[in-house]
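Taken in sequence, the protein lines are chains S and Z.
So in our numbering, spot 259 of the first sequence is number 828, and the numbers just go up one at a time.
So in our numbering, spot 242 of the second sequence is number 811, and the numbers just go up one at a time.
Data block below; observations after.
Number of protein chains: 2
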Amino acid sequence: MHNMKNLDFYAVILSGGSGERFWPLSTPERPKQFLKVFGGKSLIRQAVERLDGLVPPERILVVTAASLAKATRRELPELPRANIVAEPCRRDTAAAVATACGVVERMGGENSVAAILTADQIMKDVKAFRRVLVDAARAAAASDDIVTMGVEPDHPATGFGYIQVGKPAGLRMRTPFHRAVRFVEKPDAKTAAKYVASGSYVWNAGMFVWKVSTMKAALLAGAPALAILEAAVADRKNRVASVMEKFYPQLPRISIDYAVMEKAKNILVSRGAFGWDDVGTWSAAERHLPSDGRGNVAKGGVTLLDVSNTVAISEGPRIAALGVDGLVVVATGDSVLVASKDRVQDLKKLLAEMPAK
Amino acid sequence: MHNMKNLDFYAVILSGGSGERFWPLSTPERPKQFLKVFGGKSLIRQAVERLDGLVPPERILVVTAASLAKATRRELPELPRANIVAEPCRRDTAAAVATACGVVERMGGENSVAAILTADQIMKDVKAFRRVLVDAARAAAASDDIVTMGVEPDHPATGFGYIQVGKPAGLRMRTPFHRAVRFVEKPDAKTAAKYVASGSYVWNAGMFVWKVSTMKAALLAGAPALAILEAAVADRKNRVASVMEKFYPQLPRISIDYAVMEKAKNILVSRGAFGWDDVGTWSAAERHLPSDGRGNVAKGGVTLLDVSNTVAISEGPRIAALGVDGLVVVATGDSVLVASKDRVQDLKKLLAEMPAK
């Protein structure tokens, strides 16, 4: 078994989200990472538990919106209070990574290694994920590279970004590492098929590992304003919350991919496969829930008669469905969604039609 | 304008119902006659208001289940308390009519005329209904016949019973009256088509008018136990509620059609047309609700995007529907129904599948 002895290793879980994709179960006050519908525990709780024995709670950080900080602390009571880093406003992932880098430097110094992980994704093979994470941490510690945890695609998904992989990195580890050639945005179906057929593209899962000194240099090169934020956060003379309150409103809204990854030359990418899924829609969610013999997924108070291929989830009024096929029906005390399964990707448009509260 | 001067006339509204057909808006505690979804006022309130100026509130009786008496009084505050006649248990329409006959006799005597009306039906042409009612009352007062208010069919419905009409009764009134030949149960589609094509069948709307002495004789001939109940109720020495409590549990569960109408020879039937509908299912209800350009009926908090031919009614959580067609979606705080429109007649089967509370 790999381990991270002699490694000053931190895990940073980015926990944002607008709560639109799994409406009405998810809401702005309770985005996807808090849903317990996948596996009985919330996705953010699962994200922390995946690190059991690998990273102690004192070294797990969660960067989240101020409005979600309380709910996050309640969900993760084992984390020290200071490890829930609350952003005063939303400024996309680059600001969150820079802040996290500063907090890790403040706690452990420039040689500490940190992994940026996600709060709302599913990984079916936790053992494989942990193996890749350990290897990536060791690779990041031993080099000045940013190590991205790519995911070997098993279908030409159009919902994810891709990373083109280049030459093998020549590391003697179980996980294969390559030099990253380039990051590309979500492709159309034809391009996605080409990528997957080529064998030289992996999914960009938004997870990557770096030494503090490496990320600092990358920020300085790609987004100087964020390098200043990082340094101010790292400075123990400052209060982290005060620095964030001062800086955040001025920061650009940019992603870490845009600010750093797409520009940096020193990027390694792993080719892992650990049952990763971003689960972007209700119809994608279905793949991760148990179904009956007619293709129905039912959770909560649900009665079905002559129903097929339907997702029915209630956290409020009982759902009683009769003679329908291919629907997503989700009920809470406030709202009921009734959608054709092949239209759930348009949920945002539906929400835009709704009257403001 | 017809009137009922010199006529001791009572209206008896039968208000039973199991609350299953319009579930979840209707429930055993709030059956169909209390729904406000058709026309903004409850159906039972509309049934009373149709009699405005024709029958004073003191002469309007409502026979209902004891469990619905309180809700009925609240819905019809203008009726004297004693006019809400509460049945201690359900014994079908024959017992209700016998009890009503006794109450009318008690209030007005053997020459009083009463109309049995319904609490949960729709009549679009109130003026025409009132005209037929007045004519039927005059016909009943002037004869020893029971006068049934038949409805001229406009399509071969299989959901109603029919009455075969015979020779004209020879009354000099605007409404045509005929001798009734026979009452028949709900027919199959082929038989219904034959009935309608023949021109000699009308729908049995369950509304009929009689003199107290006429109904007493009919009960004695057809259902002697109910004649005894009638006499005991009519006797002012008895308390109505006490008589009902004593008799009801022993009474047979039979309909007035079975107990009286199908046997009696002295039955007239009117051929009226006043936009009558029994509204038996959610898909039938649709005919009586305003729809948008895509065939959708929406009531309450409802948002629709790319939805067609759908009934969406909320009295609880907001319904948001996306890309669906031909559904009935009804939400209350307790329950959500999602049914294919062509399956709503199987609502009882669905309810039978549900766990007991």
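In this text, a Cβ means the ideal position worked out from N, Cα and C, and glycines have one as well.
- Of the residues M692/Z, V809/Z, V632/Z, the one whose Cα lies closest to the Cα of D846/Z is M692/Z.
- Counting only the Cα atoms, L873/S lies some 41 Å from D661/S.
- Rounded to whole angstroms, the gap between the alpha carbons of V893/Z and A900/S is 16 Å.
- If you check the CB distance, A761/Z and T727/Z come in under 8 Å.
- The alpha carbon of K780/Z has as its nearest neighbour, out of V750/Z, A801/Z, A684/Z, the alpha carbon of A684/Z.
- Using beta-carbon distances, K834/S does not count as an interface residue toward chain Z, since no partner is under 8 Å.
- In this structure, DSSP gives H724/Z a state outside helix and strand, which the three-state scheme calls coil.
- Looking only at K601/S, V581/S, F578/S, the smallest Cα-Cα distance to G588/S is reached by K601/S.
- Beyond the five residues adjoining it in sequence on each side, R642/S comes within less than 7 Å, by CB distance, of R650, I653 in the same chain, given in chain order.
- Leaving aside the five residues that flank F752/S on each side, the residues in its chain whose CB is nearer than 7 Å to its CB run, in chain order, G730, I732, N773, D826, M830, E831.
- If you ignore the 5 residues before and after V848/Z, its C-beta comes within less than 6 Å of the C-beta of I691, A854, all in its own chain and listed in chain order.
- In this structure, DSSP gives I797/S a helical state, which the three-state scheme calls helix.
- Residue-level contact check: R887/Z touches chain S, since one or more beta carbons of chain S fall below 8 Å from its beta carbon.
- Within the segment 903 to 921 of chain S, the residues whose Cβ lies closer than 8 Å to any Cβ of chain Z are, in chain order, D903, S904, V905, L906, V907, A908, S909, D911, R912, V913, D915, L916, K918, L919, L920.
- Where W592/Z is concerned, there is no enclosing alpha helix (DSSP H), because DSSP gives it neither an H nor an E.
- Within the segment 592 to 603 of chain S, the residues whose Cβ lies closer than 9 Å to any Cβ of chain Z are, in chain order, W592, P593.
- Distances from the alpha-carbon of I836/S to those of T744/S, G735/S, A688/S put G735/S closest.
- Neighbourhood of G892/Z in chain S, by CB distance below 8 Å: A908, S909, D911, R912, D915, in chain order.
- In the three-state reduction of the DSSP assignment, V866/Z falls in the strand class.
- Using beta-carbon distances, T850/S does not count as an interface residue toward chain Z, since no partner is under 8 Å.
- The beta carbon of T783/Z does not come within 8 Å of any beta carbon belonging to chain S, so the residue lies off that interface.
- Out of I629/S, N865/S, R748/S, the CA that lies nearest to the CA of A669/S is found in I629/S.
- Secondary structure note for R887/Z: it is in no alpha helix (DSSP H), and the uninterrupted beta strand (DSSP E) holding it is 887 to 891.
- For a Cβ distance threshold of 8 Å, residue set P886, A900, V905 of chain Z lies close to A900/S, ordered along the chain.
- Listed by position along chain S, the residues whose Cβ is nearer than 8 Å to that of L874/Z are D915, K918, L919, E922.
- Annotated three-state conformation of R741/Z is coil, per DSSP.
- Residue-level contact by beta carbon holds for L896/S and chain Z, with a gap shorter than 8 Å.
- Burial check for G768/Z: the Cβ neighbour count within 10 Å stays below 16, so the residue is exposed.
- Restricting attention to R808/Z, L604/Z, S909/Z, the CA atom closest to the CA of G895/S is found in S909/Z.
- Nearest Cα to P924/S within the set A792/Z, G869/Z, A749/Z: G869/Z.
- When secondary structure is reduced to three states using DSSP, N773/S falls in the strand class.
- Exposure of P646/Z is indicated by the presence of fewer than 16 other C-beta atoms within 10 angstroms of its C-beta.
- Around the beta carbon of G671/Z, a 10 Å sphere encloses 16 or more other beta carbons of the protein chains shown; the residue is thus reported as buried.
- In the three-state reduction of the DSSP assignment, Q733/S falls in the strand class.
- Relative to V771/S, the option among S877/S, I888/S, R840/S whose CA is nearest is R840/S.
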